[in-house]
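First residue of the sequence shown: 182, per this note's numbering; consecutive thereafter.
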Amino acid sequence: MEQSILQLHPGLVWGFGILVIIMLLLDLGVFNKKSHIVSNKEATIWSIVWISLAMIFSGVVYYVFNQDAGGHELAIEKFTQFQAAYWIEKALSVDNLFVFILVFGYFKVPRELHHKVLFWGILGALLFRAIFIFAGVGIINVTYLPIFELFGKPVEINVVLTLFGLFLVYAGIKSWGGGDDDEEQDFANSAGAKLVKKLYKVSDNYDKDKFFTIQNGIKVATPLLVVVAVIEFTDVLFAVDSIPAIFAISKDPFILYTSNIFAILGLRSLYFLLSNFIHMFSKLPYGLAIILTFIGIKMIISPWYHIPSPVSLGIVGGVLVLSVILSLMFPDKKEEGEI
């Protein structure tokens, strides 16, 4: 079992939590107190802020472990684990952007309300990702089979990691070139929308940035609450792919959770930055399919051959860069409709 920052340095856990809370309060209570359309300039600044915070935190991870008995070698390992998990989650989260654009278009959400929907969706993600990651690590730690010899070499297979690996390979192959299916999806009948409609009567129209309004003297939900629920359930579905993927990088729940949350927190600004230009990255879904398949294969072969985190980081980064370059060199000729 890997040595965890959670056990070694509880103060760092508090520091991370306080940082996230402060940033969220500043985001909602100061910089976005009033609903407004987020400009490309604002989105770029926030993207740089969140990526910079993640990089600084990875430096803190290196510093903390460099002070321990493991020294420089352990510090490099934890640093690259954080980086690899962060960029894998960041890459796979881009897939969310395609669906977010479709959801906002489907429900005709005014552009000035997009930030509020994503903000509350992110808060839900903080909770659900914690449950998935910490529960997942706990399950993985108790599902190792007894060590046995295969071809004269001792092998320790983990049942859950092997199943995750097979699933990711399947998901990668299935998603190759896919994405058009989502365009035909009826989001009004998704699980999140059905849940809200079961609990509340929903009005036909938005009431500024309110989740509830008064209609004929009765308190009813607005379509904005439905959209938040749809976004929340969408993130949970995407976590089914992304969370198993990062288990291939590390079993340290704190490394996994912090890298995951930094990637998710930066997703909102990335959405506003790319929403107008997402059609320019038509080859990105192919790159994401390759990444999923690679990570799945890495998990399956891990009992026999361990692919180091720096190698994984290099492959993920290389695939992403190549898919972006190919998208720009060979743009999709199909015209994208306005969202």
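Backbone N, C-alpha and C fix where the C-beta goes; we use that ideal spot for every residue, glycine too.
Worksheet item: For L307 versus I488, is the C-beta spacing smaller than 8 Å?
Response: Within the sequence shown, residue 307 is the residue found at index 126, counting from 1. Within the sequence shown, residue 488 is the residue found at index 307, counting from 1. No. Outside cutoff.
Strictly by DSSP, which residues pair up with N339?
Position 158 of the sequence shown holds residue 339. Paired residues: Y325.
* Beta-carbon separation of V290 and V408 under 8 Å? -> On the sequence shown, position 109 is the one that residue 290 refers to. On the sequence shown, position 227 is the one that residue 408 refers to. In this structure, V408 lies closer than 8 Å to V290 by Cβ.
Reducing DSSP to helix, strand and coil, say where Q248 ends up. If you number the sequence shown from 1, residue 248 lands on position 67. Reduced to three states, the DSSP call for Q248 is coil.
Quiz item: Under a Cβ-count criterion, where at least 16 other Cβ atoms within 10 Å of its own Cβ denotes burial, should N339 be classed as buried or exposed?
Solution: Taking the first residue of the sequence shown as position 1, residue 339 is located at position 158. Counting Cβ neighbours within 10 Å, N339 comes out buried, since at least 16 surround it.
For L448, which of G196, S371, H295 and A265 has the nearest alpha-carbon?
Within the sequence shown, residue 448 is the residue found at index 267, counting from 1. Nearest of G196, S371, H295 and A265 to L448, Cα basis: H295.
Out of V417, K355 and I395, which one is the CA nearest neighbour of A372? On the sequence shown, position 191 is the one that residue 372 refers to. Checked all of V417, K355 and I395; the closest Cα to A372 is V417.
Next on the checklist: Under DSSP, the beta strand (DSSP E) around V393 begins and ends at which residues?
Outcome noted: Position 212 of the sequence shown holds residue 393. According to the sequence displayed, residue 393 carries Phe and not Val. F393 to Q396 is the extent of the beta strand (DSSP E) around F393.
Q | I399 - containing beta strand (DSSP E), residue span | A | Numbered from 1 along the sequence shown, position 218 holds the residue referred to as residue 399. I399 to A402 is the span of the beta strand (DSSP E), which, as asked, contains I399.
- request: Could you pull out every residue in the same chain whose Cβ sits closer than 6 Å to the Cβ of A352, ignoring the five residues on either side in sequence?
  value: As a working note, residue 352 is residue 171 in the sequence shown. Here the set comprises D422 and L473.
- Query: So who's on the other strand from V383, going by DSSP bridges?
  - Reply: Translated into positions along the sequence shown, residue 383 becomes position 202. For V383, which the question treats as bridged, DSSP gives the partners A402.
Top-ranked residue by Cα proximity to V219, from S463, F458 and F453: Along the sequence shown, one-based indexing puts residue 219 at 38. Of the candidates S463, F458 and F453, the one whose C-alpha sits nearest the C-alpha of V219 is F453.
*asked:* Whole angstroms are fine: how far does the CA of G317 sit from the CA of Y267?
replied: Residue numbering aside, residue 267 sits at position 86 when the sequence shown is read from its first letter. Residue numbering aside, residue 317 sits at position 136 when the sequence shown is read from its first letter. The straight-line gap from Cα to Cα measures roughly 17 Å.
Nearest to L136 by CA position, among M510, L342, Y325 and L234, is which residue?
Nothing can be reported for residue 136, as the shown portion of the chain is limited to 182 through 520.
- the region 256 to 275 / the region 486 to 504 touching (three or more Cβ pairs under 8 Å): yes
Going by DSSP, what residue range makes up the alpha helix (DSSP H) through S450? As a working note, residue 450 is residue 269 in the sequence shown. S450 -> alpha helix (DSSP H) spans L448 to L455.
Per DSSP, which one or two residues make a beta bridge with E330?
On the sequence shown, position 149 is the one that residue 330 refers to. Note: E330 sits in a beta bridge opposite P335.
Between F197 and T394, which are expected to be in contact by the criterion C-beta below 8 Å, what is the C-beta distance as a whole number of angstroms? Working through the sequence shown from its first residue, we reach residue 197 at position 16. Working through the sequence shown from its first residue, we reach residue 394 at position 213. Incorrect: roughly 37 Å between the Cβ atoms, too far for contact.
Legend entry - L347 versus G477: straight-line alpha-carbon distance, rounded: The residue labelled residue 347 in the question sits at position 166 within the sequence shown. The residue labelled residue 477 in the question sits at position 296 within the sequence shown. Answer to the nearest angstrom: the Cα atoms are 6 Å apart.
With respect to the alpha helix (DSSP H) encompassing M204, which residues constitute its N-terminal and C-terminal limits? The residue given as residue 204 occupies position 23 in the sequence shown. M204 -> alpha helix (DSSP H) spans P191 to L207.
Query raised in the report: Looking at V284 and F368, is the spacing between their C-beta atoms short of 8 Å?
Result: Stepping through the sequence shown from its first residue, residue 368 is reached at position 187. Stepping through the sequence shown from its first residue, residue 284 is reached at position 103. Yes.
Exercise. Assign I506 to buried or exposed, taking buried as 16 or more other Cβ atoms, counted over all protein chains shown, within 10 Å of its Cβ.
Key: Taking the first residue of the sequence shown as 1, we reach residue 506 at position 325. Answer is exposed; the Cβ neighbour count stays below 16.
Residue closest to T243, alpha-carbon to alpha-carbon, out of V411, S233 and Q264: Numbered from its first residue, the sequence shown carries residue 243 at position 62. Strictly speaking, residue 243 in this sequence is Tyr, with Thr absent from that position. Comparing Cα positions, the closest option is Q264.
Q.
Spatial neighbours of A224 within its chain, please: C-beta separation below 6 Å, excluding the five flanking residues on both sides.
A. By 1-based counting over the sequence shown, the position of residue 224 is 43. Cβ neighbours of A224 beyond the five flanking positions: S450, F453 and L454.
Could you check how far apart the C-beta atoms of I269 and I430 are, in whole angstroms? I think they sit under 8 Å. Taking the sequence shown and counting its residues from 1, one reaches residue 269 at position 88. Taking the sequence shown and counting its residues from 1, one reaches residue 430 at position 249. Yes, they are in contact, since the Cβ atoms of I269 and I430 sit about 7 Å apart, within 8 Å.
query = Going by the CB atoms, is the gap between S384 and K297 shorter than 8 Å?
reply = As a first step, residue 297 must be located in the sequence shown, where it is residue number 116. As a first step, residue 384 must be located in the sequence shown, where it is residue number 203. In this structure, S384 does not lie closer than 8 Å to K297 by Cβ.
* Asked: Taking Cβ to Cβ, would you say I445 is nearer than 8 Å to F281?
  -> Position 264 of the sequence shown, counted from the first residue, corresponds to residue 445. Position 100 of the sequence shown, counted from the first residue, corresponds to residue 281. No, the pair does not count as a contact, with Cβ atoms beyond the cut-off.
task: Along the alpha helix (DSSP H) that carries L509, what are the first and last residues, could you check?
output: Position 328 of the sequence shown, counted from the start, is the residue given in the question as residue 509. S490 to M510 is the extent of the alpha helix (DSSP H) around L509.
Measure the C-alpha to C-alpha separation of F475 and V275 and round it to an integer number of angstroms.
Locating residue 475 in the sequence shown gives position 294, counting from the first residue. Locating residue 275 in the sequence shown gives position 94, counting from the first residue. In a straight line, the C-alpha of F475 is about 17 Å away from that of V275.
**Prompt:** Can you list, in chain order, the residues of its chain whose CB lies under 8 Å from that of V336, leaving out five sequence neighbours each side?
**Reply:** Start at 1 with the first residue of the sequence shown, and residue 336 comes out as number 155. Same-chain partners within the cutoff: I328, F329, E330, P484 and W485.
>> Please report the distance separating the alpha-carbon of N322 from that of L255.
In response: On the sequence shown, residue 322 is found 141 positions in, with the first residue counted as 1. On the sequence shown, residue 255 is found 74 positions in, with the first residue counted as 1. Straight-line Cα distance between these residues: approximately 21 Å.
request  = Compute the beta-carbon to beta-carbon distance between T415 and N221, rounded to the nearest angstrom, for a pair I have assumed lies under 8 Å.
outcome  = Position 234 of the sequence shown holds residue 415. Position 40 of the sequence shown holds residue 221. The pair is not a contact, with the Cβ atoms about 24 Å apart (cut-off 8 Å).
Am I right that S504 and M461 are in contact with their C-beta atoms under 8 Å? What's the rounded C-beta distance?
As a position in the sequence shown, residue 504 is number 323, starting the count at 1. As a position in the sequence shown, residue 461 is number 280, starting the count at 1. At roughly 12 Å, the Cβ-Cβ gap does not stay under 8 Å, so S504 and M461 are not in contact.
**Item:** Unbroken alpha helix (DSSP H) run spanning A470, endpoints
**Value:** Numbered from 1 along the sequence shown, position 289 holds the residue referred to as residue 470. Segment L465 to I482, the alpha helix (DSSP H) holding A470.
* To the nearest whole angstrom, what separates the beta carbons of P425 and L349, a pair I think is in contact under 8 Å? -> Within the sequence shown, the letter at position 244 stands for residue 425. Within the sequence shown, the letter at position 168 stands for residue 349. With a Cβ gap of about 6 Å, P425 and L349 count as contacting.
Report task. Please classify K271: is it buried, with 16 or more other beta-carbons within 10 angstroms of its beta-carbon, or exposed? Result -> Taking the first residue of the sequence shown as position 1, residue 271 is located at position 90. It counts as buried.
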